[in-house]
Amino acid sequence: MKKYSVCIVGGGSTFTLGFLKSFCRMKEQFPLKKLVLFDIDAERQEPIGEFGKILFKEQFPELDFSYTTDIKEAYEGMDFVFMQMRAGGLPMRAKDEHIPLSMGLIGQETCGAGGMAYGLRSCVDMIKAVHDIRNYAPEAWILNYSNPAAIVAEALRREFPDDKKILNICDQPENVVRSCSRLLGCDWENLDPVYFGLNHYGWFTNIYDIKTGEDLLPKLRELIKKNGFLPQDAEQRDQSWLDTYGMVETLMNDFPDFLPNTYDQYYLYPDYKAAHLDPNFTRADEVMAGREKRVFDECREVIAAGVLGDKFDDISDAHAEMMINVAEAIAYNKNTRHILIVENNGAIANMQDDAMVEVVCELGINGPRPMRVGNIPQFYLGLLVNQVSCEKLIVDAYFENSYQKALMAFTLNRLINDGKKARKVLDALIEANKGMWPELK
Ligand code: NAD
Ligand code: G6P
Ligand code: MN
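Under full-length UniProt numbering, think of the first position of the sequence shown as 1, with each following residue one higher.
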């Protein structure tokens, strides 16, 4: 069995620990030869790297593991590059959320004004990073889940039009499927979903039982009404995630055709959500006080002890498991089904070909083969055409250094939806992102 070399970009991410552990748990399934962590912030990455050394010494001693801030060391000879960078870090995420909220608009990591602000930063850093990777590893598969994945996917599509080995992925559709399996009392892998949308904006039209072919969506609709909707993944247990999953019930009551992605709440209830988010303690604050603290405390504890102790168990990390499954599908040409972000080209029949859409794909060594969903109903089409236009306009703003395009993207966005509000929040975000955005003229 061939063994693979993997680099993780954003080695200092709060999600890296989950990956390091999952690479140990899944070493029979996806055997690694070499793993390198890369980050531009040496200080942030170091404790995670040192934790990794202790983990692999105990659990995976044959693995060649290192961490670095040098791009040649990071990328040369890699088969897969997993990308999880956060351009500007969590402090800039906090600004993306606080600035719009201070104006009565939703402040969110990937949606609305904050998402577009993060999008412009990510365009700058991701395009540079992909050029660096291609310099040293022209054949590596690049699996990107750095956010906002919709905007990043559109920017990479334009900058690298002939590159067939860049794949953009989000775990939230699969997280929703996992939550359904919890309600149905079955294994999530027994569920065979049909899904359409954009990244962080989509719906499940059917959830089939993979063995019998029965559509379980009607049953799920009843179960959600009766029991509500809860996250399955242990990483999504903070109060804001519980609130988010709770909104699925409301969404299904108002728009019962399909099962929504949790992110649809922002687009369908922008006023309600803006009024219910705490402008003094947003999700970034919750992450810094929660996941970030937990991860770095755990590293410090293990480093001080010099041994793992009870810091390793069999409980899977859904996010890491999913991304490793994607790499495995490519490596071993498994042609398994995954929900991925791909160029439309008819997958959603009544949407433009060059939209980056999120649909079920079969995935193997030659890349994703999207499964068609046909025409989508007018209501959903209207919502998605609006949003894909915003995403394209903000990427235009990046490539053309255009203030006007950015203003159009902000004005069109359902979470802003007004030219005056758009200009005000855009100007404040330009100020906050000095040096991290392209200059908009
Ligand atoms: P984080 O801030 O804890 O980690 C990000 C790391 O990236 C930091 O260590 C930072 O120093 C590093 N970084 C920043 N710019 C970089 C660059 N140009 N090159 C290399 N490294 C760089 O953030 P987090 O909360 O752990 O999230 C990491 C990323 O993963 C975010 O983009 C997040 O949105 C994304 N994510 C996406 C999904 C998905 O479904 N698509 C799921 C989980 C996380
Ligand atoms: C989900 C989404 C990601 C998002 C992640 C973390 O997995 O699909 O795109 O980045 O949640 O969100 P959080 O708010 O916990 O940092
Ligand atoms: Mn996502």
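Virtual Cβ for every residue (Gly too), placed ideally from N, Cα, C.
Query, Result
"Under DSSP, the beta strand (DSSP E) around Pro370 begins and ends at which residues?", "Gly367 to Pro370"
"Looking only at its own chain, which residues have a Cβ that is under 7 angstroms from the Cβ of Leu63, when we skip the five neighbours before and after it?", "Leu32, Leu35 and Phe56"
"Is Trp141 helix, strand or coil by DSSP?", "strand"
"Can you name the start and end residues of the alpha helix (DSSP H) that Val385 belongs to?", "Gln378 to Glu400"
"Given 8 angstroms as the limit, is there contact between the region 169-184 and the region 373-392, that is, 3 or more CB pairs closer than that?", "no"
"For the ligand NAD, I want to know if Arg86 counts as a neighbour, meaning its beta carbon is within less than 6 angstroms of at least one of the ligand's heavy atoms.", "yes"
"Asp243 lies in the alpha helix (DSSP H); which residues open and close that run?", "Gln239 to Asp254"
"Using the DSSP secondary-structure output, state which residues sit across from Trp203 in a beta bridge.", "Phe196 and Pro260"
"Kindly list the residues whose CB is nearer than 6 angstroms to the CB of Thr14, restricted to its own chain and excluding five residues on each side of it in sequence; keep chain order.", "Arg291, Glu292 and Val295"
"Name the one or two DSSP bridge partners that Leu191 has.", "Asp209"
"With burial defined as no fewer than 16 other Cβ atoms inside 10 Å of the residue's Cβ, what is the status of Pro370: buried or exposed?", "buried"
"Quick one: is the Cβ of Ala274 within less than 6 angstroms of any heavy atom of the ligand NAD?", "no"
"Buried or exposed: which applies to Gln352, given that a residue is buried once 16 or more other Cβ atoms fall within 10 Å of its Cβ?", "exposed"
"In the DSSP assignment, find the unbroken alpha helix (DSSP H) run with Val326 in it and report its ends.", "Ala318 to Ala331"
"Could you tell me the distance, in whole angstroms, from the CA atom of Asn199 to the CA atom of Val357?", "7 angstroms"
"Tell whether a beta-carbon distance below 7 angstroms holds between Met103 and Val425.", "yes"
"By DSSP, does Phe80 sit in helix, in strand, or in coil?", "strand"
"So if DSSP puts Glu358 in a beta bridge, which residue, or which two residues, is it bridged to?", "Ile341"
"In the structure shown, what three-state DSSP assignment does Leu101 receive?", "helix"
"For Phe258 and Glu28, I'd like the C-alpha separation in whole angstroms.", "37 angstroms"
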